[in-house]
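Residue numbers (the numbering used here): 317 to 431.
Rendered as structure tokens:
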């Protein structure tokens, strides 16, 4: 599915004016990013914006999913520069400030450690 071009339409749909659609697409891209071989395609197609958006959410569950994806992608040295340029540090900063949610702070710290 990924090799047949499924990422580009997902990224295009992430620009929807409907916030729930944006959220669902961001989760889909984050799930695809869990497989290391998909990460280069996500980077190539511009898929970091939905992930950064998810990590910047005011909803703790959404933020946690986005931060975990950033952390996972940051483990790859080839993705680090792209993550920083896309705004991952700002999202990580928000996660570190989420005092009421230790999981968000933990994922943010781990992501920062890799970057």
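Even glycine gets a Cβ: it sits at the ideal position worked out from N, Cα and C. Quick caveat: nothing in here was measured; it's all calculated off a predicted structure.
Check: Are the beta-carbon atoms of residue 428 and residue 408 separated by less than 7 Å?; Outcome: yes
Check: Among the residues of its own chain, which have a CB less than 8 Å from the CB of residue 426, if the five just before and after it don't count?; Outcome: 387
Check: Measuring straight from C-alpha to C-alpha, what distance separates residue 430 and residue 356?; Outcome: 17 Å
Check: Under a three-way DSSP split, which group does residue 413 fall into?; Outcome: coil
Check: Determine the direct distance from the alpha carbon of residue 382 to that of residue 369, and round the result to whole angstroms.; Outcome: 8 Å
Check: Using only alpha-carbon positions, find the residue among 410, 422 and 341 that is nearest to residue 363.; Outcome: 341
Check: Go through its chain and collect everything with a Cβ distance to residue 395's Cβ below 7 Å, but skip five positions before and after it.; Outcome: 355, 359 and 389
Check: Alpha carbon to alpha carbon, how far is residue 411 from residue 328? Give it in angstroms, no decimals.; Outcome: 26 Å
Check: Indicate the three-state DSSP secondary structure (helix, strand or coil) for residue 383 in the structure shown.; Outcome: helix
Check: If you check the beta carbons only, do residue 415 and residue 384 fall under 7 Å apart?; Outcome: no
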